[in-house]
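If you read the sequence shown in the numbering used here, its first letter stands for residue 1, the second for the next number, and so on.
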Amino acid sequence: FNLSGENKLEEAATLYSRALKKDLSNPEIMRAAGLFATHIGKLDAAVRLLRYALAIDPLCHQCRRDYAIALMYSGDYEKAQWEFERFMTAADELPQRMVEILLLREKPDEALEFIASADRTTEYAEIALRAGRALALHSLGQADEAEVVVQELNLSAFDDQRYLKLLLTEIAAWRGNKDLAFENLFEMAETRYQLLHRQTFSPIWQNLHDDPRWVEYLKYTGMTSERLDAIKFDPDLP
């Protein structure tokens with residue numbers, strides 16, 4: 001996955017294809033290949049690879065989380081939610097995408113209920129849940145309340161300011177604040193922030209897709225449809 005993080009996508013596709021031809025029994029290889037497929041927008045392949053990784057090792061909690069994310073990116077929100085719920089019963093980790101899935105399913109009330117009951121054992125969990133609250137309040141039409149949360153986040157002394165900016169950028173995109181969203185996207189892309197780069201196909205950015213700056217952003221990050229369409233990555237599985 002380091003090669004894809006370095007934007008050597010074509011080389012990564014070749015190496016993953018070779019690895020899969022040699023060994024289809026290793027769930028970690030399968031999971032890494034599924035993550036790569038998610039990263040480059042080969043979402044059908046991502047779902048197949050990660051589903052197969054789970055078939056090999058049903059106790060692979062990371063496989064289930066990544067499978068749920070691939071389902072979310074491919075638009076199968078109902079199944080993504082179901083897989084995330086199974087993941088939460090088996091792993092001591094907050095699936096931070098759960099709020100987004102509920103909102104994509106147009107269930108902001110359930111999103112707020114989830115936020116209220118979710119584990120806050122880490123600072124990352126707390127900051128992500130606060131950001132999720134802003135998303136849910138906006139979806140409920142409570143713009144003033146959402147803005148209060150955003151201002152609180154802007155003043156936060158959270159150590160990982162780059163992650164905080166990513167959360168604020170997601171909020172801006174969700175709320176239709178395109179100028180701020182694109183300003184932040186380009187700024188973070190300039191620093192080669194891999195967590196952002198790996199989320200190119202997240203539906204959280206859907207409100208930005210009809211803006212010409214989205215195409216500029218894809219060019220800037222080396223993720224144009226022309227380039228990705230030219231990458232052949234559709235591994236054969238049993």
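The beta carbon of each residue, even a glycine, is placed where N, CA and C say it ideally should be.
Here the structure is a predicted model, which is why all the values come from computation and not from measurement.
Given residue i as reference, the closest of the options once Cα atoms are compared
| i | options | result |
| --- | --- | --- |
| C63 | R48, R31 and S74 | R31 |
| I171 | L237, V99, A13 and R120 | V99 |
| L137 | E110, Y16 and S156 | E110 |
Rounded straight-line distance, which links the Cα of residue j to that of residue i
| i | j | result |
| --- | --- | --- |
| L103 | R133 | 11 Å |
| P215 | A46 | It is Val, not Pro, that sits at residue 215 in the sequence shown. Their Cα atoms are separated by approximately 23 Å. |
| K79 | P108 | 18 Å |
| L228 | D159 | 35 Å |
| R192 | F201 | 17 Å |
| E226 | N177 | 28 Å |
| S25 | Q161 | 40 Å |
| M139 | L15 | Here the sequence assigns Ser to residue 139, which means Met is not the residue at that position. Straight-line Cα distance between these residues: approximately 42 Å. |
9 Å Cβ cutoff met for residue i and residue j
| i | j | result |
| --- | --- | --- |
| D66 | G34 | yes |
| A13 | F186 | no |
| L153 | L167 | yes |
| L49 | L218 | no |
| A70 | L43 | yes |
| L208 | F182 | yes |
| A173 | I127 | no |
Cβ shell of residue i (< 7 Å), same chain only, five flanking positions each side left out
| i | result |
| --- | --- |
| L129 | I115, A118 and R120 |
| D23 | I29 |
Cβ-based neighbour list, residue i, same chain, cut-off 6 Å, excluding 5 preceding and 5 following
| i | result |
| --- | --- |
| N7 | G222 |
| Q96 | A128 |
Point to revise | the region 115-124 touching the region 138-152, judged by at least three CB pairs closer than 8 Å | key: no
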